[in-house]
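Here the structure comes first, spelled out in structure tokens, and everything after it is commentary.
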Amino acid sequence: MVDNVRTHKFKAETRKVLNILTHSLYTNREIFLRELLSNASDALDKLRFLQNKGESVRAGDLPLEIRISVDKEKGLLQIADTGLGMTEKELIDNLGTIAKSGSERFAREMGEAGGKTPEGASPQDAPDEALAARLIGRFGVGFYSVFMAADAVEVISVPAQGDEAPHVWTSDGGGGFSVRPPEGEEAALCSRGTVIRAKIKADAKEFLEKYRLESIIRKHSNFLSFPIFLEGERINTTPALWREPKFSITPEQYHEFYKYLTYDETPPLDTIHLSVDAPVQFNALIFIPATAQDLFSHQQERWGPDLYASRVLIERGNKELLPQYLGFLKGMVDTEDLPLNISRETLQENTVLRKISQTVVKQILGHLEKMALEDKDKYASFWKLHGKYFKFVFNDYLNREKAAPLLRFASSYAEGGFVGLDEYAGRVKPEQKDIWHLAAPSLEAAKVNPHLSRFRRKGLEVLYLLEPVDEFALESLGKYKDLTFKSVERAEAKDLEPFADAVEEEPSAVQALTDSEKADLGQLVEKIRATLGEQIKEVRLSDRLAGSPAVLVSPDGLSSSMEKLLKVMQKDEAVTPKILEINPEHSLLRALLRIYRHDAENPLISELVRGLFDNVLLLDGCVNDAGLMADRSLRLMDKALSWYADLLKI
Ligand code: ADP
Ligand code: MG
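Structure (structure tokens):
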């Protein structure tokens, strides 16, 4: 038979993952069973799908089930499913390579958490086992987890379609694997589907004990929709939880189901259980995770609830069921209004799904509304965890009005916390017609923004928009109740006139300029303009600055951060020139004027102007050439210190 054996080498990244799995993970080894059972269940789902479509499959009368048995003498654990099975090529492709991206991410995230790559792993930097347990299922390295507990694995598979003969895949989890025809008793073990025979490691004999296996199955795989038999006895008996009446379900059961679904050990923040009959029939279990989700990076493609038709899994992560701004939610939807044989392609633009989605979204928004009113702490946790995704609700034309009160922002009235629009509206001044906001890259930057001082003086609340999406959200809402959203950068003097100073203004200690000084100031402005050239559109004197020497204003009313975002989207590196407003009351400008009047050609003037401009740019959240900026600033410091030392004659 040797002729028929083909040996293959694992790719480098597969070997890397295997290395982590076999040599550094111990405490959570039991999850290998979860992974093998979930693969078996997937294969059964696929088979049931074919059958529902009316396609003929091998051994069509075989029940769809999973059978587990142990042979203690030989140290073998065997898991057999009657699912889709694999051809020789599929054995090689599916079990021979981990999707490259998956294995790389796995190795990288494990490496980051444990601080080491697998090659360099040492006992001191043991990997984070809990993290591994979560990552294994997520990055498609599930099958290989069997090598945590086994030192040799045999996979006998008989494809459900076509007439290809059975094949056996074997590996010891080292450098490679081989594929050959079955020998001896092997052929009789499988008439359709896949049998996995794992030679359990000497230090993992617990996985040959029935009671141990039973508890693992109950813990991780209780909700699998196919029967799991262990030595002939059915283990998983939990019915489809979502079909049970709500009052009969305990929080623990919800949590267990959530854990089964997500591998997340932390109980969900909230559970939404829906049973709806009209306009469409469906049951749904939707969870708000109590852990942060990562939708903006590699998880991007993986969101949405699982879709079932009459208890049969149709698709994991169906994106038609929820809009992306609710992508942080986990859960499932089961409907009787879809045919079982519906193909995944026709799920797009499906009217049944659209109706379900509309109802689910409405219910979720209602649920959040209630939470915001009745349990402010919980709502704050929700916002902290998922607000960055939920904000995108402004894209949802149908629901954004309803969702507006659910938005939260940082505010000059609640530094460190969040306020809602109702809260803002509830304390506006009688004459106030606008909701003022300020875009800034961080809370710290917002607090020192020169535009803010006038508002602070008038006691007007300003919302801090710390992410570009905040601006888009407000922009697209336009108004809240009777209040218009307006950026403080666009506030004109007349907008603030109606409001008395809330904070006593310090009487200006600055002397008024004489006429001749005023004339020279005009020339100095010209000089500043000439010095900065293309970098600015215009220089003008400002009345909006208290305490700040200068500020940038955008000529077209776009806020700075919005502009930056547009730039990123258009991949445009150039900075659109802005207007530089300077404050002639500020001591820095006064000193500059004195130097200018003494000697208009003093090179220090342009040096100072550039230094000032650097700082204004920084405040605006934009760094053009950090090296040059630092260099200029150091030279100015150098000069100032030397003069001071000279002055002191030291
Ligand atoms: P994932 O399940 O995330 O795809 P795994 O490493 O768990 O990753 O499995 C790799 C692939 O091997 C599966 O996608 C499937 O194609 C195949 N496979 C594994 N176990 C079985 C099985 N019992 N029956 C059929 N195919 C299987
Ligand atoms: Mg898997």
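The sequence shown begins at 112 in the numbering used here and counts up one residue at a time.
C-beta atoms are modelled at their ideal positions from N, C-alpha and C, and glycine is treated no differently.
Being a predicted model, the structure only gives us computed values, none of them experimental.
Query: What are the partner residues of Gln189, as DSSP defines its beta bridges?; Result: Ser180, Arg308
Query: From what residue to what residue does the beta strand (DSSP E) around Phe583 run?; Result: Here Phe583 belongs to no beta strand (DSSP E); instead the alpha helix (DSSP H) covers 579-588.
Query: Per DSSP, what kind of secondary structure is Met482 in: helix, strand or coil?; Result: helix
Query: Measure the alpha-carbon distance for Cys301 versus Val264 and round it to whole angstroms.; Result: 16 Å
Query: When we look at the beta-carbon of Ile546 and count the other beta-carbons within 10 Å, is it buried (16 or more) or exposed?; Result: buried
Query: Look up Asn394 in the DSSP assignment and give the residues it is bridged to.; Result: Ser386, Asp445
Query: Measuring CB to CB, does Arg178 end up less than 8 Å from Ala170?; Result: no
Query: Could you check if Asp757 is buried or exposed, using at least 16 other CB atoms within 10 Å of its CB as the buried criterion?; Result: exposed
Query: Taking 7 Å as the cut-off, is the beta-carbon of Asp153 closer than that to any non-hydrogen atom of the ligand ADP?; Result: yes
Query: Which residues, in chain order, sit with a beta-carbon under 5 Å away from any heavy atom of the ligand MG?; Result: Asn150, Gly253
Query: Would you identify the three-state DSSP class for Lys648, choosing helix, strand or coil?; Result: strand
Query: Based on the DSSP secondary-structure assignment, which residues constitute the bridge partners of Asp710?; Result: Answer is none; Asp710 lacks a bridge partner.
Query: By DSSP, does Glu788 sit in helix, in strand, or in coil?; Result: Residue 788 falls outside the range modelled here, since the chain spans only 112 to 761, and no answer is possible.
Query: Taking 8 Å as the cut-off, decide whether the C-beta atoms of Ser468 and Leu433 are in contact.; Result: yes
Query: Please check the pair Ile693 and Ala641, which I expect to be a contact at CB under 8 Å, by giving their CB distance rounded to whole angstroms.; Result: So it is not a contact: roughly 14 Å between Cβ atoms.
Query: Excluding five sequence neighbours on each side, which residues of the same chain lie with their C-beta closer than 8 Å to the C-beta of Ala123?; Result: none
Query: If I'm right that Leu202 touches His119 with Cβ under 8 Å, what's the distance once you round it to whole angstroms?; Result: Not quite, the Cβ-Cβ distance comes to about 10 Å (not below 8 Å), so this is no contact.
Query: For Ser289 and Lys200, I'd like the C-alpha separation in whole angstroms.; Result: 12 Å
Query: May I have the straight-line CA-CA distance separating Met748 from Leu554, to the nearest angstrom?; Result: 28 Å
Query: By DSSP, does Phe358 sit in helix, in strand, or in coil?; Result: helix
Query: Residues in its own chain within less than 8 Å of Gly231 by CB, not counting five upstream and five downstream?; Result: Confidence at Gly231 is low in this model, with a pLDDT of 43, below 50, so the placement of that residue should be treated as unreliable; the coordinate-derived value is given next. Cβ within range, chain order: n/a, list empty.
Query: For Glu426 versus Leu458, is the C-beta distance shorter than 8 Å?; Result: yes
Query: For Glu320, does the three-state DSSP call read helix, strand or coil?; Result: coil
Query: For Glu141, which residues from the same chain have a beta carbon less than 6 Å from its beta carbon, with the 5 sequence-adjacent residues on both sides left out?; Result: Ile327
Query: Touching or not, the region 494-506 and the region 517-529, by the rule of three or more beta carbon pairs under 8 Å?; Result: yes
Query: Pick helix, strand or coil for Glu526, following the three-state DSSP scheme.; Result: strand
Query: Could you give the residue range of the beta strand (DSSP E) that holds Ser492?; Result: From DSSP, Ser492 is part of no beta strand (DSSP E) but of the alpha helix (DSSP H) over 487-501.
Query: Could you check the C-alpha separation between Glu342 and Val181 for me, to the nearest Å?; Result: 8 Å
Query: According to DSSP, is Lys227 helix, strand or coil?; Result: Because Lys227 sits at a pLDDT of 43, beneath the cut-off of 50, its placement in the model cannot be relied upon, and the point is left open.
Query: Between Val636, Ala525, His562, Pro579, which lies nearest to Lys499 when the distance is taken from Cα to Cα?; Result: Pro579
Query: For the beta strand (DSSP E) containing Glu376, name the first residue and the last one.; Result: Looking at the DSSP string, Glu376 is not in any beta strand (DSSP E), and its letter there is neither H nor E.
Query: Checking 8 Å against the spacing of the C-beta atoms, do Leu563 and Val573 come in under that value?; Result: yes
Query: Figure out for me which residue from His478, Thr446, Glu485, Met482 has the closest Cα to the Cα of Lys466.; Result: Thr446
Query: Quick check: does the Cβ of Asn130 come within less than 7 Å of any heavy atom belonging to the ligand ADP?; Result: no
Query: In whole angstroms, give me the CA-to-CA distance for Asp742 and Val636.; Result: 25 Å
Query: If you run the structure through DSSP and keep just helix, strand and coil, what is Glu608?; Result: coil
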